[in-house]
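**Student:**
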Amino acid sequence: MDQAEPPQPQPSSTPRTSVSSSSSSSIPAPTTTTTPPSSLLEPVNSTKKKNRTRVFRVFRNVFRSFPIITPACRLPSLPGGRLPDSNSRIIAGSRITGTLFGYRKGRVSLSIQENPRNFPTVVVELALQTNVLQKEMNLGMVRIALECEKRDKREKINLLEEPLWTMYCNGKKNGYGVKREATEEDLSVMEILKPVSMGAGVLPGKSDVEGPDGEMTYMRAHFERVVKSKDAETLYMLSPDANDGPELSIFFVRI
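For the sequence shown, our numbering puts the final residue at 258, and the numbers step up evenly by one.
Structural data, given as structure tokens:
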């Protein structure tokens, strides 16, 4: 006798999407964290050019990987801490805010602002570790020279917009300084230091160099910016204690 086949299960008339939709309604939507907008203001005399951003990033990525070298090389163009052609006429002078900051075992960066409320107009990553700069500052006078080659006369670019510099500290060649666009971390530091006009201290932070407990040190001061020509500028740190504070001069030279 033939046995009756068992009844086949009938497809459910309810679509599967109804189950998933009902369960998804009880799951809260994931929240996304957004970086709060910066309250820093655009500088009045901003000279940034967006079409150079990609070039700066290429230089930064290439030369950041270079080791910091310190060959015994004197800088003949800075005898006694003065720029060549010392009789040249000073074209302009202004007071700006300069901040040196970085993780203790990382490279120090220089941020130049019109004032603490503005975005940085220039950020240069120096070929010098932060703890080494601190030691040099404790010893007394520090002179940092950033040199680059002159361009063809048809290429017009402001001195502080040069992407790559050969760096000297107190007459010794250290490596290369690289101009870069301000990163989110740079802007975060400038935001925290917005109420600070002059001073030095430590900021909590995280770094691949020092681990999750890494600390960032900073030194902020007023600098007198002296423009001697289109190929030579100098930043002189102004100490509130006259001659009692550390002496720091930063030279930008195109030779």
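C-beta: ideal position from N, C-alpha, C; glycine also.
Please state whether the Cβ-Cβ distance between Val3 and Gln132 is less than 9 Å.
**Tutor:** Residue 3 lies beyond the residue range present for the chain, which begins at 4 and ends at 258; the question has no answer from this structure.
**Student:** Who are Arg223's beta bridge partners in DSSP?
**Tutor:** BP columns for Arg223 point to Thr102, Gly202.
**Student:** Determine which residues share a DSSP beta bridge with Ala148 and list them.
**Tutor:** Partner(s): Tyr171, Phe254.
**Student:** Roughly how far, in whole angstroms, is the beta-carbon of Val256 from the beta-carbon of Lys182, given that I think they are within contact range, below 8 Å?
**Tutor:** The Cβ separation is near 15 Å, so there is no contact.
**Student:** Nearest CA to the CA of Leu113: which residue from Ile160, Lys176, Phe226?
**Tutor:** For Leu113, the nearest C-alpha among the options comes from Phe226.
**Student:** Closest to Glu139 by CA distance: which of Glu187, Asn173, Asn161, Leu190 is it?
**Tutor:** Closest by alpha carbon: Asn173.
**Student:** By the 10 Å Cβ neighbour count, where 16 or more other Cβ atoms means buried, how is Asn177 classified, buried or exposed?
**Tutor:** Asn177 is buried by the Cβ-count criterion.
**Student:** Excluding the 5 residues flanking Leu162 on each side, which residues of the same chain have their C-beta closer than 8 Å to its C-beta?
**Tutor:** The residues are Lys233, Asp234, Ala235, Glu236, Phe255, Arg257.
**Student:** Relative to the alpha-carbon of Leu251, which residue among Ser97, Ala148, Met193 has its alpha-carbon at the smallest distance?
**Tutor:** Of Ser97, Ala148, Met193, the residue nearest in Cα terms is Ala148.
**Student:** So Lys133 is in the alpha helix (DSSP H); what residue range does that whole segment cover?
**Tutor:** Checking the displayed sequence, the identity of residue 133 turns out to be Thr instead of Lys. Run containing Thr133: 133-142, per the alpha helix (DSSP H) assignment.
**Student:** Mind checking Thr186: buried by the 16 CB within 10 Å criterion, or exposed?
**Tutor:** Label assigned to Thr186: exposed.
**Student:** Within its chain, find whatever has a CB closer than 6 Å to the CB of Met240; leave out the 5 residues flanking it on each side and keep chain order.
**Tutor:** If we look at Met240 and ignore the five residues flanking it on each side, its Cβ neighbours are Ala224, Phe226, Leu251.
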